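> Dropping the structure in here first, questions after.
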Amino acid sequence: PSLLNQSLGGHPGLAATGFPPGQVVAPGTTHLGDGNALQAQSDLITAYNDAALRPVDQTGPADLVGQTLQAGTYAATAKGPLLLSGNVTLDGAGDPTSVFIFQTDSSLTTGSASSITLINGAQACNIFWQVGSSATLGTGSSFVGNILALTSISVLTNVTVQGRALARNGAVTLDSDTFTAPSCDLTPIPTTTTTPPASTTAPGDTTNGGADTGTGATVVTVPGAGGTGTGTGTGTGTGTGFGNDLTLPRTGGTSTVTLIVALAVMVAGAGALTIARRHPASEHSHI
-8 PSLLNQSLGG
2 HPGLAATGFP
12 PGQVVAPGTT
22 HLGDGNALQA
32 QSDLITAYND
42 AALRPVDQTG
52 PADLVGQTLQ
62 AGTYAATAKG
72 PLLLSGNVTL
82 DGAGDPTSVF
92 IFQTDSSLTT
102 GSASSITLIN
112 GAQACNIFWQ
122 VGSSATLGTG
132 SSFVGNILAL
142 TSISVLTNVT
152 VQGRALARNG
162 AVTLDSDTFT
172 APSCDLTPIP
182 TTTTTPPAST
192 TAPGDTTNGG
202 ADTGTGATVV
212 TVPGAGGTGT
222 GTGTGTGTGT
232 GFGNDLTLPR
242 TGGTSTVTLI
252 VALAVMVAGA
262 GALTIARRHP
272 ASEHSHI
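Heads up: the sequence shown runs through residues -8 to 278, numbered per our numbering.
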């Protein structure tokens, strides 16, 4: 039987075949055909469309094996099928908010014993696989990220998934698999503000490394580099707290779309499976 520490459910289905003996453990809960499931289905559609419409940063071979990739949006030629026959490494380059999006208008297939390695701050919560048909995860493989599939997802025997399996129109089929929540580090990236040095040679004559002028004062304001100088100055910054929300950050922008979608897993024959757990509306919704 499969073990899930995230939520299980579907809409409009009212049954999840195989649970039990499959287990949903805290903090996961089960929602079948209820309002939470319906909202999660709507969120999934939004997430899928967002991921599918992102501009592709790099087009490469269908098989991702052997590559080390940094943040960006990836696809095979003509957004054809994606494969993973061995290991691929995703490199966060020291930025825990690095986002990886993989697009295909067709299928995603991972081989037996294939794996995904995260290094330098890359996090499972920021990895998205937009699949235009169905996904299959091979026997004994280790998968990382959130699958957003238009049709269905098949997770073969003894697969470990750090992430979510979300299917819009079909079933998510499991066979003695283990799912764990894709946790995110909320620690902000350390920043350093450097103030250009200033020296006063005489009242009104100031030299420094910034773009400021002296006007008869022996103490002058030196703007900082993107922060605050010794007197005045401005700086801007953006950040996103991910928690357990399913979030597709705006790479290179200043806004995010936060989508309340959690793990949706089910077995064949149970109807459309697209759900997640959602806190009451009075709370900030986390998965």
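Here a beta-carbon is modelled for each residue, glycine too, at the ideal position from N, C-alpha and C. Since we're looking at a predicted model, the values are computed, not measured.
Assuming Q121 and D176 form a contact by the criterion Cβ under 8 Å, report the distance between their Cβ atoms to the nearest whole angstrom.
That belief does not hold up - the Cβ atoms of Q121 and D176 are roughly 24 Å apart, past 8 Å.
> So what does DSSP say about P(-8), is it helix, strand or coil?
Here P(-8) sits in coil by DSSP.
> Under DSSP, the beta strand (DSSP E) around A156 begins and ends at which residues?
Here the beta strand (DSSP E) through A156 covers T151 to A158.
> Can you list, in chain order, the residues of its chain whose CB lies under 8 Å from that of E274, leaving out five sequence neighbours each side?
Because the pLDDT at E274 is just 28, under 50, the model does not fix this residue reliably, and the point stays unresolved.
> Leaving out five residues before and five after T171 in sequence, what residues of the same chain have Cβ atoms less than 7 Å from its Cβ?
Only N(-4) and Q153 meet the Cβ criterion.
> Helix, strand or coil for Q114, going by three-state DSSP, please let me know.
Reduced to three states, the DSSP call for Q114 is coil.
> 8 Å is my cut-off, CB to CB: does Y65 come that close to chain C?
As a matter of chain content, chain C is missing from the structure shown, which is built from one protein chain.
> Rounded to the nearest angstrom, what separates T108 and P52 at their Cα positions?
C-alpha separation (whole angstroms): 19 Å.
> So, at 6 Å on beta carbons, what are the nonlocal neighbours of G102 in its own chain, with the 5 sequence-adjacent residues on each side left out?
Counting only Cβ-Cβ distances below 6 Å, and skipping sequence neighbours, we find S76 and G129.
> Classify N40 as buried or exposed, calling it buried when 16 or more other Cβ atoms lie within 10 Å of its own Cβ.
With fewer than 16 Cβ atoms within 10 Å of its Cβ, N40 is classed as exposed.
> Where do the N-terminal and C-terminal ends of the alpha helix (DSSP H) with L128 fall, by residue?
From DSSP, L128 is part of no alpha helix (DSSP H) but of the beta strand (DSSP E) over A126 to L128.
> Would a C-beta distance cut-off of 8 Å place A31 and L139 closer than the cut-off?
Taking 8 Å as the Cβ cut-off, A31 and L139 do not qualify as a contacting pair.
> Classify Q94 as buried or exposed, calling it buried when 16 or more other Cβ atoms lie within 10 Å of its own Cβ.
Flag for Q94 reads buried.
> Going straight from the alpha carbon of A84 to that of Q61, what length do you get?
Going from the Cα of A84 to the Cα of Q61 covers about 7 Å.
> May I have the straight-line CA-CA distance separating A126 from T142, to the nearest angstrom?
Roughly 8 Å between the two C-alpha positions.
> Does the beta-carbon distance from S167 to T151 come in below 8 Å?
Against a cut-off of 8 Å, the Cβ pair of T151 and S167 comes out as no contact.
> Does the distance from the C-beta atom of S284 to that of S124 stay below 8 Å?
For residue 284 there is no data in the structure shown, the boundaries of the chain being -8 and 278.
> Leaving out five residues on either side along the sequence, give the residues of the same chain with a beta carbon under 6 Å from the beta carbon of P(-8).
Within the same chain, P(-8) has close Cβ partners P12 and G13.
> Shortest alpha-carbon distance to T50 belongs to which of V90, N78 and P72?
When only C-alpha atoms are compared, the closest one is P72.
> Once the 5 residues before and after F10 are set aside, which same chain residues still bring their CB inside 7 Å of it?
These residues qualify, in order along the chain: L(-1).
> Please name the residue, chosen from P173, L157 and S89, that lies closest to V135 on a Cα-to-Cα basis.
Comparing Cα-Cα distances from V135 to each of P173, L157 and S89, the minimum goes to P173.
> Using DSSP's beta-bridge definition, name the partner residues of V281.
The first residue shown for the chain is -8 and the last is 278, placing residue 281 beyond what the model contains.
> When the Cα atoms are used, what is the spatial distance from L35 to I92?
Rounded to the nearest angstrom, the two C-alpha atoms are 15 Å apart.
> Express the C-alpha separation of I118 and V16 in angstroms, rounding to a whole number.
Approximately 24 Å, taken between the alpha carbons.
> Starting from A38, trace the alpha helix (DSSP H) both ways and give me its first and last residue.
A38 -> alpha helix (DSSP H) spans G26 to L44.
> Report the three-state DSSP secondary structure of A140 (helix, strand or coil).
If DSSP states are grouped into helix, strand and coil, A140 belongs with the strands.
> Checking the sheet assignment: what are the DSSP bridge partners for L23?
In DSSP, L23 forms a bridge with G1.
> With which residues is V90 paired in a DSSP beta bridge?
Bridge partners of V90: none, in fact.
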